[in-house]
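Here you go:
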């Protein structure tokens, strides 16, 4: 266990912790006293059928989704009980840097998307007694978890909206993620994961950020010099003032845990590798929402999966920021699109309760 | 000077060397006894107006273009005198690893696209007395040099066809190239450029190759598993059997010299930064030929420049291999497109000689 003040209540709160007890993992082993960090908005109604689950993306926390939620938004806390749940390994939930010694740092086990979704299921059923989910929605790795929710708990999930992500990670995406991993693990300061401080991997985290600069945005973002979307005025400020320090604050082992998980996201693990069968299981009404300028979850990859999901619809979101459109830097231009689609989805009636 | 058997006549020949004498560089300094490696096909006619110049791409050599040339191709040695000229720093022409001690390795100077084009101009005028060029054509960094030829020698260049490249390198492309550079320079074996053998940077060159795997191809190439385009049967063979050893054979300083040059390719250096003025100077009939799946020289970037070039036309080439379509793995599907466009371009009459 080492300290990293980035993962504080000040930066990412408010969040609460829920202990799952000893949590068994798909790839073997367990996380003793596994904790999920989560944040809620609104109230669970008496019927317990107004829950919205939002899983987090790579490097992100529950804080990132706050701009998606509001009384004037589709994700309206006056109507819904919204639970943002931090994925395992993200630095807030049980993670390499915050786990007790026998599980910490390089000893932290491999975690899969399926583990996260089972953990989240345990939280919402044990703690809240939720048996029906109005909507699961999430971006990027949050989309991977959204797909996994819909496949794994088809009777429970009534609607699902994965934004900028896929049900089965592509080989191209695996390779991209590998370059992110290598940027970190090639830093001599990484020491196979047993560093004393994330600052010892500053160079590796900088290279990691620089690869994100290439793949996370779009060629058009750079051509049109849209630095303003990230609150800065110049390219140099975007790279050295925003993107590099953004990742340099994070824990390298947290990023590596999430990257390993991201690479292997695949709902067809539930059906012996048959993706069509896995997606065919889904009973939720789904809107598949890729971002048009996304360089690694391109709409055509998402559309190929969408066609395998009964009754689903493709809703392409426009953002010159590419994958990083998820950050919502375009303000209402972006969020209004998300809201339009989610409002439409939430208005679609679902079959009577299965309970 | 160190030895690297990759850059041999066996692997890349036949090629000849031409000495430019002491060659002054735009960024200051000079390369004493600067040598250009080149290869020719066909014969220069009496009028000396049938020359075609082909400059090389990043990491490439004159050998790479051999498949573009043939009696049944647009680049027909029975009609044209075709000269493929290796860019400075590519390992065959004067380069860090093959230069005498005072200029070698980390002491090799920065070279610009403009230096290459002036050097090539010196070769074809001094050695061959060529005053008119029927066509300049090249891919990627070869495209950068093609644009530079057309801007710098507007009366001499009658036709020009840059494939998969831009006249002014974009900021996104600069950042992409930076990640390639960092993959090498972050390797402790690099030793600021003063290693004894390229094998000492095997890990850095592997990471360099892995970034190419993400950006050099296309998402669709991976989805459709088109490994056959590179003569292999599996993804693993493509990455570890082809791409990694491909770059690991090369000289790291050569790659870095070319990468620095690539990042700064910009014809508007001829016009105090005014790109429209630079491209407006061009008298050559130009076909701008981006590859549709190219992730870092996308057609829309090329089209924006094409619109600034009087009388030019956009001819988009289709290749699922993205930028690496240039390697011609698709065989006649690719080369027939190139030939169609180049045949059309070469058939367009040009104004009478300016001499």
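Protein chains in written order, with our numbering: chain F, 212 to 566; chain S, 212 to 566. Glycine included, C-beta positions come from ideal geometry on N, C-alpha and C.
### Task
Could you work out which residues of chain F lie near residue 477(S), taking near to mean beta carbons separated by less than 9 Å?
Going along chain F, no residue has its Cβ under 9 Å from residue 477(S), so there is no contact; the nearest lies around 15 Å.
#### Entry: Spatially closest choice to residue 380(S) from 508(S), 426(S), 365(S), by CA coordinates
Residue 508(S) is the option with its Cα nearest to residue 380(S).
### Task
Assess, as a yes-or-no matter, whether the region 456–468 of chain F is touched by the region 215–224 of chain F under the definition of 3 or more beta carbon pairs within less than 8 Å.
Flag = yes, the region 215–224 of chain F and the region 456–468 of chain F touch.
### Query
According to DSSP, is residue 511(S) helix, strand or coil?
Collapsing the DSSP output to three states places residue 511(S) in a helix.
#### Entry: Inter-residue spacing [alpha-carbon to alpha-carbon] between residue 295(F) and residue 556(F)
Using only the alpha carbons, I get a separation of about 19 Å.
### Buried or exposed (CB count within 10 angstroms, at least 16 for buried), residue 516(S)
So residue 516(S) counts as buried.
### Message
Determine, for residue 461(S), whether the minimum Cβ-Cβ distance to residues of chain F falls below 9 Å.
### Response
Taking Cβ atoms only, chain F never reaches closer than 9 Å to residue 461(S), which makes this a no.
### Message
Using a Cβ-Cβ distance cut-off of 9 Å, determine whether residue 512(S) contacts chain F.
### Response
At least one chain F Cβ lies under 9 Å of residue 512(S).
#### Entry: Euclidean distance between Cα positions of residue 532(F) and residue 337(S)
Inter-residue distance for residue 532(F) and residue 337(S) is about 50 Å (C-alpha atoms, whole angstroms).
### Run of the beta strand (DSSP E) containing residue 497(S), from where it starts to where it stops
For residue 497(S), the enclosing beta strand (DSSP E) covers residues 496–499.
#### Entry: the region 352–363 of chain S: positions lying closer than 9 Å to chain F by Cβ
So the list is empty, because no residue satisfies the distance condition.
### Query
What residue from 519(S), 411(S), 530(S), 279(S) has the CA that sits closest to residue 395(S)'s CA?
Its Cα nearest to that of residue 395(S), the residue 411(S) stands out among 519(S), 411(S), 530(S), 279(S).
### Message
Between 359(F), 282(F), 265(F), 284(F), which has its C-alpha nearest residue 275(F)'s C-alpha?
### Response
Measuring from the Cα of residue 275(F), the nearest candidate turns out to be 265(F).
### Task
On a CA-only basis, which of 366(S), 551(S), 478(S) is nearest residue 488(S)? Give me that one, please.
For residue 488(S), the closest C-alpha among the options 366(S), 551(S), 478(S) is that of 478(S).
#### Entry: Length of the line joining the Cα atoms of residue 222(S) and residue 363(F)
Distance between residue 222(S) and residue 363(F), taken at the CA atoms: about 54 Å.
#### Entry: Residue from 259(F), 238(F), 286(F) whose Cα sits closest to the Cα of residue 547(F)
For the set 259(F), 238(F), 286(F), the Cα lying nearest the Cα of residue 547(F) is the one of 286(F).
### Query
Secondary structure at residue 525(F), three-state DSSP: helix, strand or coil?
Here DSSP, grouped into helix, strand and coil, assigns residue 525(F) to strand.
### Task
Measure from the alpha carbon of residue 347(F) to the alpha carbon of each residue in 392(F), 467(F), 261(F), 235(F), then state which is nearest.
Distance from the Cα of residue 347(F) is smallest, within the candidate group 392(F), 467(F), 261(F), 235(F), for 261(F).
### Task
With a cut-off of 8 Å on the beta carbons, I'd call residue 258(F) and residue 228(F) a contact; round off their distance for me.
Incorrect: roughly 27 Å between the Cβ atoms, too far for contact.
### Query
When the Cα of residue 358(S) is compared with those of 250(S), 371(S), 367(S), which residue comes out closest?
Residue 358(S) has its Cα closest to that of 371(S), out of 250(S), 371(S), 367(S).
#### Entry: Range covered by the beta strand (DSSP E) that runs through residue 296(S)
Element bounds for residue 296(S): 292–296.
### Query
Considering only C-alpha positions, which residue in the set 391(S), 501(S), 485(S) is nearest to residue 465(S)?
If we check each option's Cα against that of residue 465(S), 391(S) comes out closest.
### Message
Can you give me the C-alpha to C-alpha distance between residue 298(F) and residue 473(F), rounded to a whole angstrom?
### Response
Counting only the Cα atoms, residue 473(F) lies some 11 Å from residue 298(F).
### Segment contact, 8 Å Cβ cut-off, at least three pairs: the region 523–530 of chain F with the region 490–504 of chain F
Contact between the region 523–530 of chain F and the region 490–504 of chain F is present: 3 or more CB-CB pairs across the two stretches fall below 8 Å.
### Message
Using the three-state DSSP reduction, which class does residue 374(F) fall into: helix, strand or coil?
### Response
Strand, per DSSP.
### Task
Compare the C-beta of residue 502(F) against all C-beta atoms of chain S and say whether one is closer than 9 Å.
The beta carbon of residue 502(F) sits no closer than 9 Å to any beta carbon of chain S.
### Query
Among all the DSSP beta bridges, which residues are the ones paired with residue 368(S)?
Beta-bridge pairing by DSSP links residue 368(S) to 344(S).
### Query
How long is the line joining the alpha carbons of residue 486(S) and residue 376(S), rounded to whole angstroms?
If you take the alpha carbons of residue 486(S) and residue 376(S), they lie about 15 Å apart.
### Message
Rounded to the nearest angstrom, what separates residue 567(S) and residue 456(S) at their Cα positions?
### Response
This structure cannot speak to residue 567(S), because chain S is shown only from 212 to 566.
### Query
Is the Cβ-Cβ distance between residue 522(F) and residue 496(F) less than 9 Å?
Taking 9 Å as the Cβ cut-off, residue 522(F) and residue 496(F) qualify as a contacting pair.
### Query
Just the Cα atoms here: how many angstroms apart are residue 309(S) and residue 422(S)?
Straight across, the Cα-Cα distance linking residue 309(S) with residue 422(S) is about 27 Å.
### Query
Between which two residues does the beta strand (DSSP E) containing residue 399(S) stretch?
Following the DSSP letters along the chain, one finds residue 399(S) in no beta strand (DSSP E), marked with neither H nor E.
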